[in-house]
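For reference, the structure is listed below as structure tokens.
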Amino acid sequence: MLATSSTTLVSMASQLSEAEERERVFSGKGRWNQVRSLAEAKNLMNYLFNLASSSRCILREKEFICRDKHMDINDHKKIIDNLRFALEQLKKQRDGLDHQLKLMVSMFDLEMSEINFYPFQI
Numbered sequence: 000m001l002a003t004s005s006t007t008l009v010s011m012a013s014q015l016s017e018a019e020e021r022e023r024v025f026s027g028k029g030r031w032n033q034v035r036s037l038a039e040a041k042n043l044m045n046y047l048f049n050l051a052s053s054s055r056c057i058l059r060e061k062e063f064i065c066r067d068k069h070m071d072i073n074d075h076k077k078i079i080d081n082l083r084f085a086l087e088q089l090k091k092q093r094d095g096l097d098h099q100l101k102l103m104v105s106m107f108d109l110e111m112s113e114i115n116f117y118p119f120q121i
């Protein structure tokens, strides 16, 4: 995500440079030639600094949110892996119990047939 935002910023900077170049060609003046006094320049620089610092803060907040979500995702992946393992163990246990039940039923049927327990035979 950080790489994507970095490439986006580079793209925006190049677009801004191209727009400034077009403006310079058409007006014959650079962007900074429009500032008439030192006070205007100071205000403009303060504005740009505040804009850059607020953008940086927003970026850090988004990085923190992404890092937090990434940790949550990893935690959920671990939980899913543990549940899968538990499910596999339960399936093995069920298969073992099914096998034991079949053996017990077949032994019971064998014993009943040997003692002729069934009174109504066909």
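Per numbering that gives the first Met the number 0, the sequence shown runs over residues 0 to 121. Here a beta-carbon is modelled for each residue, glycine too, at the ideal position from N, C-alpha and C. All of these numbers come straight from a predicted model, not from anything done at the bench.
Check	Outcome
Would a C-beta distance cut-off of 8 Å place residue 43 and residue 4 closer than the cut-off?	no
Starting from residue 36 and walking both ways along the alpha helix (DSSP H), at which residues does that stretch end?	Unbroken run through residue 36: none, as it is neither H nor E.
Quick check: what's the CA-CA separation for residue 48 versus residue 82?	51 Å
Which value, in whole angstroms, describes the spacing of the CA atoms of residue 37 and residue 56?	28 Å
What does the alpha-carbon distance come out to for the pair residue 107 and residue 69?	57 Å
Rounded to whole angstroms, what is the Cα-Cα separation between residue 112 and residue 86?	39 Å
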